[in-house]
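One structure is given here, and the rest of the page talks about it.
Protein chains: 2
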Amino acid sequence: MKKSAANSALSALGRRIAAPPISWLMQAALSRPRLISLAAGFTNNPSLPCAVSRRLLDEILKSEAGPPALQYGITAGETNLRRLTAAHVQALDATAGGEAHCLERLIISGGSQQLIYMTIEALCDEDDIVLVEDPTYFVFLAVLQSRAIRPRGVRIEQDGIVPASLEQVLAALKKSGAIRRVKALYLVSYFQNPTGVTTSFEKKAAVLDILKKFEPAAGHPIYLIEDAAYRELRFAGAPDAPSALTVPRAPARVIYTGTYSKPFAPGARVGFGILPEPVFTAVERVKGNHDFGTANLLQQLLARALQTGLYDRHVAKIQKRYAQKALVMKRALAEHFPDNIEIWEPSGGLYFWARLPENVSTGLRSAVFRAALKNDVLYVPGALCYPDDPSRARPNHEMRLSFGSASPENIHEGIRRLGAVLRKFV
Amino acid sequence: MKKSAANSALSALGRRIAAPPISWLMQAALSRPRLISLAAGFTNNPSLPCAVSRRLLDEILKSEAGPPALQYGITAGETNLRRLTAAHVQALDATAGGEAHCLERLIISGGSQQLIYMTIEALCDEDDIVLVEDPTYFVFLAVLQSRAIRPRGVRIEQDGIVPASLEQVLAALKKSGAIRRVKALYLVSYFQNPTGVTTSFEKKAAVLDILKKFEPAAGHPIYLIEDAAYRELRFAGAPDAPSALTVPRAPARVIYTGTYSKPFAPGARVGFGILPEPVFTAVERVKGNHDFGTANLLQQLLARALQTGLYDRHVAKIQKRYAQKALVMKRALAEHFPDNIEIWEPSGGLYFWARLPENVSTGLRSAVFRAALKNDVLYVPGALCYPDDPSRARPNHEMRLSFGSASPENIHEGIRRLGAVLRKFV
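Which chain is which? The protein sequence lines are P and A, in order. Note that the first sequence covers residues 1 to 426 in the numbering used here. Note that the second sequence covers residues 1 to 426 in the numbering used here.
Next comes the structure, spelled out in structure tokens:
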């Protein structure tokens with residue numbers, strides 16, 4: 001049987017799903033030992049909580065908590081961790097709790113990525129539309145691509161999403177009748193991947209108002225999926241903006257996703273979501289079919305870290321660490337990058353965003369990218385983060401620069417190498 | 001907005017997905033403290049590897065393996081664990097390896113459940129058909145239900161699937177034209193859930209021949225999904241039957257799934273699959289979208305357990321433990337169950353299968369089930385494990401009895417209580 005025939009046993013999703021662009025970047029990195037990757041979204045290796053995890057796992061496994069930690073659990077997650085997580089988000093939001101951070105609507109997942117995937121399964125059919133920031137997190141775009149769900153971009157600026165652009169996009173969709181396919185707006189609200197921008201509380205409230213306004217035309221709720229993956233990696237600037245959950249009457253329309261991967265340990269992959277009905281029940285059932293609940297051992301590790309205060313202490317430590325590394329990158333950019341490159345400086349998260357003159361392409365096939373690779377430095381081309389959109393050309397002159405995993409020395413050296421390359425092109 | 005309108009924002013899957021029947025069982029269990037559950041598929045709590053896990057995690061986290069264990073990894077899984085897992089399956093199959101246990105086609109997942117879910121995503125569209133044993137694993141039926149994929153039952157006997165029945169079912173599907181929708185046969189080949197039966201190597205080979213024969217009519221490959229979740233829980237009987245991977249020329253059509261949950265620790269949820277192309281690539285990409293790879297810390301724990309031989313020692317220990325518990329259940333059944341109940345005795349796994357006279361119903365709403373619950377003993381009604389099939393009435397006179405999680409004393413007492421109930425009905 002020929003390959004085409006073999007392929008035909010696959011589902012539409014199986015045939016459609018594209019290779020992740022990032023796998024190509026990782027391959028490139030593996031074959032060049034001197035390469036400095038400013039592309040990876042990995043966290044800072046030396047500050048991973050090895051000692052803390054070692055101590056807590058030891059305590060768990062030698063106590064009566066040991067056998068339950070190695071046993072099956074409850075699909076929605078360990079009750080103690082759910083309670084601690086609800087309280088944790090509530091503390092971040094500095095509110096009195098209640099409906100907004102309801103334990104009963106909280107589910108633990110394998111990182112927030114799994115929660116986002118299951119939410120899309122529960123909400124969207126083929127040809128449905130999800131609004132996204134333009135640009136947005138590229139793995140989210142990959143999820144939509146695999147499921148033939150259509151992203152539509154909403155403009156962002158250095159202070160976050162542009163409500164007027166959201167209104168414009170929705171009005172156009174209403175006019176075309178496609179509004180009935182719009183299920184959600186996906187917003188990476190803190191130190192966004194890839195641009196580092198944060199959307200203010202006022203803008204979140206405005207966004208919810210606008211979504212609400214278009215619900216009658218849609219004929220159903222339009223949800224705000226607030227992806228707060230980078231929220232706890234704040235190291236500068238104004239105090240934390242409350243989540244959209246705290247906007248009055250918002251909980252019925254807000255799907256809030258968070259993770260302990262970035263602030264604690266990606267290798268102990270635990271994330272969570274707070275979801276309104278009927279989405280919560282659908283996602284809980286999907287979770288049952290995926291894996292009947294996230295590994296209990298990891299849930300107990302996180303619960304104990306939260307309970308002992310070691311989690312908060314760790315977060316404070318890595319916030320300082322990232323502040324230092326961001327400063328190294330900022331200074332290196334000032335020293336080595338040409339002046340006509342616009343730099344968006346974040347107050348948290350893992351990424352700087354660099355905007356070259358529009359005529360200088362940074363894509364995977366560009367001269368800049370090839371020269372950078374030849375000089376052993378890697379970045380994420382901005383173009384990978386933009387959805388297809390017939391109403392504008394795909395921007396291809398930007399780069400995401402991560403200070404997450406590289407050492408301070410390598411951040412400086414990587415930016416130096418990249419700056420030298422860029423001076424030849426801009 | 002009314003509830004019906006709120007529902008309408010859900011996807012077809014989100015609206016369709018049913019509550020798992022098992023959640024009702026678990027609720028029932030929670031509210032009765034004296035209840036003995038012979039329903040749960042949990043493993044034996046006292047023999048979970050707390051000491052081993054504690055020691056290995058301590059070694060990992062204090063060594064240079066620590067930071068990578070807490071960092072992101074590779075979507076398909078940690079290279080070392082993939083290598084060890086390929087060698088492990090090869091050793092179980094007692095073969096010289098090669099194509100059948102190819103590392104490049106092996107992927108690590110969050111338990112084998114996640115692997116099975118992703119395989120169905122990659123293979124099946126709505127209205128496709130998957131053949132299953134009649135009865136089969138009820139969570140697999142739930143996955144199909146949620147995705148509007150149609151199960152078709154194939155008869156089983158005490159020595160496994162009946163190839164003549166498979167041939168018959170396929171012939172009927174060919175006649176009706178529905179054969180073009182048949183994507184796979186799902187076979188729980190060792191100590192099946194729920195019946196405990198094992199399919200011999202000869203029958204696997206026969207099954208593969210039959211599937212192959214119908215491929216021209218289907219117009220595409222028909223895969224054998226071999227779910228070997230219980231394989232290592234053997235405690236009696238003939239030596240392990242080799243997997244379907246070792247049938248000559250079979251690897252191109254066999255999707256083999258295994259797990260370390262049952263033999264080691266469900267709370268350190270690591271499973272795996274060996275898949276032929278193009279299914280492997282599709283599933284690897286789906287995995288990237290689900291969670292970019294299973295938690296590294298758990299993968300390293302399993303790798304170290306395998307590498308040090310502690311895994312094998314643990315498996316030998318729990319095999320003995322389950323042998324004892326199965327013997328307790330066997331003796332209790334002989335002592336307390338009425339003679340006219342047919343008992344299928346397993347050589348491994350976690351389950352006995354009891355068949356009452358056909359006129360005595362055991363379902364969730366039956367008098368037997370209610371009386372059992374009132375007497376504080378719980379079983380899984382056989383009816384939950386049968387797919388809908390217009391060609392036969394759904395059997396409703398059987399029960400799955402698990403000796404996995406209950407203590408020997410509770411197994412005996414549970415069977416005594418259940419026997420007393422049954423004497424009133426049969």
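Heads up, the beta-carbon is just placed ideally off N, CA and C, and yes, glycines get one too. Quick caveat: nothing in here was measured; it's all calculated off a predicted structure.
query	result
In chain order, what residues of the same chain lie with their CB nearer than 8 Å to the CB of Glu444 of chain A, ignoring the 5 residues before and after it?	As displayed, chain A neither begins before 1 nor continues past 426, which places residue 444 of chain A out of reach and without an answer.
In chain order, what residues of the same chain lie with their CB nearer than 7 Å to the CB of Leu84 of chain A, ignoring the 5 residues before and after it?	Ala303, Leu306 and Gln307
Return helix, strand or coil for Asp58 of chain A, following the three-state DSSP convention.	helix
Beta-carbon within less than 7 Å of Ala65 of chain A's beta-carbon, same chain only, minus the 5 sequence neighbours each way: which residues are those?	Gln300
Excluding five sequence neighbours on each side, which residues of the same chain lie with their C-beta closer than 8 Å to the C-beta of Ile129 of chain P?	Ile149, Arg150, Pro151, Arg152, Leu173, Ala178, Arg181, Val182 and Lys183
Please state the DSSP three-state secondary structure of Asp134 of chain A.	strand
Confirm, please, whether the CB-CB distance from Arg331 of chain P to Ile341 of chain P is below 8 Å.	no
Whose Cβ in chain A lies nearer than 9 Å to the Cβ of Gly267 of chain P?	Pro67, Pro68, Ala69, Leu70, Gln71, Tyr72, Gly73, Ala295, Asn296, Leu297, Leu298, Gln299 and Gln300
By the criterion of Cβ-Cβ separation under 7 Å, what are the contact partners of Asp291 of chain P in chain A?	Gly110, Gly111, Gln113, Gln114 and Arg269
Using a Cβ cut-off of 9 Å, which residues of the stretch 31-45 of chain P contact any Cβ in chain A, in chain order?	Ala40, Gly41, Phe42, Thr43 and Asn45
Please decide whether Ala244 of chain A counts as near chain P, where near means a Cβ-Cβ distance under 8 Å.	no
Using a C-beta cutoff of 8 Å, does His101 of chain A count as contacting chain P?	no
Is there at least one Cβ from chain A nearer than 8 Å to Pro151 of chain P's Cβ?	no
Which residues in chain A have a C-beta closer than 7 Å to the C-beta of Asp125 of chain P? List them in chain order.	Ser11 and Ala12
Taking the alpha carbon of Ser23 of chain A as the point to measure from, which residue in A:Pro278, A:Ala406 and A:Val380 has its own alpha carbon closest?	A:Val380
For Phe352 of chain P, which of helix, strand or coil comes out of DSSP?	strand
Looking at the structure shown, is Pro390 of chain P part of a helix, part of a strand, or coil, going by DSSP?	coil
Relative to the C-alpha of Ile120 of chain P, which residue among P:Gly273, P:Ser31 and P:Ala371 is closest?	P:Gly273
Please say whether Ala40 of chain A and Ser405 of chain A have beta carbons closer to each other than 8 Å?	yes
For Met1 of chain A, collect the residues of the same chain with a Cβ closer than 8 Å to its Cβ; drop the 5 residues on either side in sequence, then sort them by chain order.	Residue placement at Met1 of chain A cannot be trusted, given a pLDDT of 43 that sits under 50; what the coordinates show is reported in the next sentence. Hits under 8 Å: none found.
Once DSSP output is grouped into helix, strand and coil, what is the label at Tyr322 of chain P?	helix
Could you give the DSSP three-state label for Asp159 of chain P: helix, strand or coil?	coil
Assuming Thr450 of chain A is part of the beta strand (DSSP E), what are its boundary residues?	Outside the displayed range of chain A (1 to 426) lies residue 450 of chain A, so it cannot be described from this structure.
Would the stretch 360-370 of chain P count as touching the stretch 244-251 of chain P if we require 3 or more Cβ pairs under 8 Å?	no
Cβ closer than 8 Å: which chain A residues qualify as neighbours of Glu345 of chain P?	Chain A residues near Glu345 of chain P: none, gap ~25 Å exceeds 8 Å.
Which residues in chain P sit within 8 Å of Asp435 of chain A, going by Cβ to Cβ distance?	Any question about residue 435 of chain A goes unanswered here, given that chain A covers just 1 to 426.
Step through the CB atoms of chain A and report whether any lies within less than 8 Å of the CB of Ile17 of chain P.	yes
Strictly under 8 Å for the Cβ-Cβ distance: is Glu121 of chain A near chain B by that measure?	In summary, chain B is missing from the structure at hand, where the protein chains are P and A.
Would you list the residues sitting across from Pro381 of chain P in a DSSP beta bridge?	P:Met399
Is Phe214 of chain P closer than 8 Å to Leu185 of chain P when the C-beta atoms are compared?	no
Round the Cβ separation of Met329 of chain P and Phe403 of chain P to the nearest angstrom and send it over; I've been treating them as touching at under 8 Å.	4 Å
Around the C-beta of Asp127 of chain P, are 16 or more other C-beta atoms found within 10 angstroms, so that it is buried, or is it exposed?	exposed
For the stretch 42-61 of chain A against the stretch 44-61 of chain P, do three or more pairs of beta-carbon atoms, one drawn from each stretch, fall closer than 8 Å, so that the two count as touching?	yes
How about Leu61 of chain A: is its C-beta nearer than 8 Å to some C-beta of chain P?	yes
Looking at the structure shown, is Arg105 of chain P part of a helix, part of a strand, or coil, going by DSSP?	helix
Counting Cβ pairs, one atom from each stretch, are 3 or more of them under 8 Å apart for the stretch 215-226 of chain A and the stretch 249-258 of chain A?	yes
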